[in-house]
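To start, the structure itself, in structure tokens.
In the numbering used here, the protein residues as written are 117 to 182.
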């Protein structure tokens with residue numbers, strides 16, 4: 117059985133790519149994930165950690181200082 121391909125509206129980024137996108141180090145993202153100090157959702161695919169661009173954009177929007 118073939119699974120139909122659907123357009124990916126929010127591609128998954130690696131920890132390295134997400135870190136570059138946010139301007140932090142991959143170690144910082146790993147620390148945030150392990151300590152749960154930041155409300156930044158991530159997806160576990162086996163041992164791999166992935167981030168959705170939409171979640172990163174939402175995190176940036178909610179982190180704006182006034």
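Using N, Cα and C, we set each Cβ at its ideal position, and we do this for glycine too.
Query: So, helix, strand or coil for residue 175, using DSSP?; Result: helix
Query: In whole angstroms, what separates the C-alpha of residue 173 from that of residue 153?; Result: 18 angstroms
Query: For residue 161, list the residues DSSP reports as bridge partners.; Result: 164
Query: Going by the CB atoms, is the gap between residue 156 and residue 137 shorter than 7 angstroms?; Result: no
Query: Ordered along the chain, which non-local residues of its own chain (more than five positions away) have a Cβ less than 8 angstroms from that of residue 140?; Result: none
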